[in-house]
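Structure first, commentary second.
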Amino acid sequence: DGGITQSPKYLFRKEGQNVTLSCEQNLNHDAMYWYRQDPGQGLRLIYYSQIVNDFQKGDIAEGYSVSREKKESFPLTVTSAQKNPTAFYLCASSPRAATNEKLFFGSGTQLSVL
Amino acid sequence: AQSVTQPDIHITVSEGASLELRCNYSYGATPYLFWYVQSPGQGLQLLLKYFSGDTLVQGIKGFEAEFKRSQSSFNLRKPSVHWSDAAEYFCAVGVTGFQKLVFGTGTRLLVSP
Numbered sequence: 001d002g003g004i005t006q007s008p009k010y011l012f013r014k015e016g017q018n019v020t021l022s023c024e025q026n027l028n029h030d031a032m033y034w035y036r037q038d039p040g041q042g043l044r045l046i047y048y049s050q051i052v053n054d055f056q057k058g059d060i061a062e063g064y065s066v067s068r069e070k071k072e073s074f075p076l077t078v079t080s081a082q083k084n085p086t087a088f089y090l091c092a093s094s095p096r097a098a099t100n101e102k103l104f105f106g107s108g109t110q111l112s113v114l
Numbered sequence: 001a002q003s004v005t006q007p008d009i010h011i012t013v014s015e016g017a018s019l020e021l022r023c024n025y026s027y028g029a030t031p032y033l034f035w036y037v038q039s040p041g042q043g044l045q046l047l048l049k050y051f052s053g054d055t056l057v058q059g060i061k062g063f064e065a066e067f068k069r070s071q072s073s074f075n076l077r078k079p080s081v082h083w084s085d086a087a088e089y090f091c092a093v094g095v096t097g098f099q100k101l102v103f104g105t106g107t108r109l110l111v112s113p
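The listed protein sequences correspond, in order, to chains A and B.
Positions 1 to 114 (our numbering) are the ones given, in order, by the first sequence.
Positions 1 to 113 (our numbering) are the ones given, in order, by the second sequence.
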């Protein structure tokens with residue numbers, strides 16, 4: 001089945017630790033996105049990538065980093081500089097990076113701080 | 001910059017009753033408009049979208065939405081709610097020339113027996 005796979009489902013971070021969230025898609029989509037979801041705040045865009053080896057900052061990129069070395073993979077690293085990382089993280093993809101495209105979402109990763 | 005407002009944080013509807021979730025957007029030109037639904041602990045699923053043409057659009061699961069330019073609104077409706085419709089609903093807006101959608105803060109739907 002085609003889709004987006006996020007792992008792990010739950011992740012815990014210690015103070016000063018970097019953690020990486022995985023996102024893999026087999027839909028052959030060019031564009032991939034990372035969103036952060038906090039209760040009552042909806043979805044906020046962290047980073048997006050229109051094509052392999054290219055990515056742009058979204059609205060809340062500080063404390064996060066990404067890479068896009070392969071079309072199907074777009075991992076997100078939550079660095080120690082992100083002081084409030086507890087949130088639900090959603091990865092999405094679309095055939096291309098345009099706002100008239102349907103987004104396909106993974107099932108999310110819940111990150112918590114120990 | 002475009003923005004989306006979903007004024008209702010929570011809505012409770014009796015099973016079998018009709019539903020309307022409100023969405024207002026702020027943008028000068030005609031935007032692309034979407035409604036997504038999210039079950040607890042899951043990703044979002046597209047219910048329907050509006051780009052142009054007929055202002056009443058039909059979606060999956062019996063949902064529909066109507067674009068009203070004069071009111072800058074794109075309200076989601078369903079004539080008869082089922083218990084399985086309990087979820088969080090997000091309105092989103094996109095504009096030509098940009099690569100990202102803007103999401104509203106969501107409305108959580110509770111369905112009472």
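Even for Gly, the Cβ is constructed at its ideal location relative to N, Cα and C.
Quick one: what does DSSP say Q45 (chain B) is sitting in, helix, strand or coil?
strand
Rounded separation between G2 (chain A) and S3 (chain B) - CA only:
32 Å
Would you decide whether Q58 (chain B) is buried or exposed? Buried here means 16 or more other CB atoms lie within 10 Å of its CB.
exposed
For the beta strand (DSSP E) holding R108 (chain B), just list the boundary residues, first then last.
107–112
If we count the other Cβ atoms within 10 Å of its Cβ and call it buried at 16 or more, is Q41 (chain A) buried or exposed?
exposed
7 Å Cβ cut-off: residues of chain C touching K100 (chain B):
Among the protein chains of the structure shown, namely A and B, there is no chain C.
Along chain B, in chain order, which residues have C-beta atoms closer than 8 Å to that of Q41 (chain A)?
T105
Since I believe V66 (chain A) is in contact with P85 (chain A) (beta carbons under 8 Å), could you give me their beta-carbon distance rounded to a whole number of angstroms?
P85 (chain A) to V66 (chain A), Cβ: 15 Å. No contact.
Of all the CB atoms in chain A, is at least one closer than 8 Å to the CB of Q71 (chain B)?
no
In the DSSP assignment, the beta strand (DSSP E) including V93 (chain B) goes from what residue to what residue?
87–94
Since I believe Q99 (chain B) is in contact with D87 (chain A) (beta carbons under 8 Å), could you give me their beta-carbon distance rounded to a whole number of angstroms?
The displayed chain sequence assigns Ala, not Asp, to residue 87 (chain A). Wrong, their Cβ atoms sit about 22 Å apart, outside the cutoff.
Taking L90 (chain A) as the query, report the chain B residues whose CB atoms sit under 8 Å from its CB, ordered along the chain.
G43, L44
Could you tell me which of B:S112, B:G94, B:A65, B:W35 sits nearest to E88 (chain B), measuring between CA atoms?
B:W35
Chain-ordered neighbours of G16 (chain B) on chain A, where CB pairs are closer than 8 Å:
Ordered by position in chain A, no residue passes the 8 Å Cβ test against G16 (chain B), which lies about 29 Å from the chain.
Could you tell me whether any Cβ in chain B is nearer than 8 Å to the Cβ of G2 (chain A)?
no
Scan the region 31–64 of chain B for residues whose Cβ lies nearer than 9 Å to a Cβ of chain A and list them as they occur along the chain.
P31, Y32, F34, Y36, Q38, G41, Q42, G43, L44, Q45, L46, K49, F51
Report the three-state DSSP secondary structure of R69 (chain B) (helix, strand or coil).
helix
Would E15 (chain B) pass as a contact of V111 (chain B) if the rule is Cβ separation under 8 Å?
yes
Do the region 24–33 of chain A and the region 46–55 of chain A touch if we need at least three Cβ pairs shorter than 8 Å?
yes
So, for S7 (chain A): in the same chain, excluding its five sequence neighbours on each side, which residues have a beta-carbon less than 6 Å away from its beta-carbon?
S22
Consult DSSP for I9 (chain B) and reduce its assignment to one of helix, strand or coil.
coil
Start-end ranges of the beta strand (DSSP E) lying completely within the region 46–72 of chain A, minimum 3 residues:
54–57, 64–66
Would you give the residue range spanned by the beta strand (DSSP E) that C23 (chain A) belongs to?
19–25
So, at 7 Å on beta carbons, what are the nonlocal neighbours of E115 (chain A) in its own chain, with the 5 sequence-adjacent residues on each side left out?
In the structure displayed, chain A extends from 1 to 114; residue 115 (chain A) sits before or after that span and is not available.
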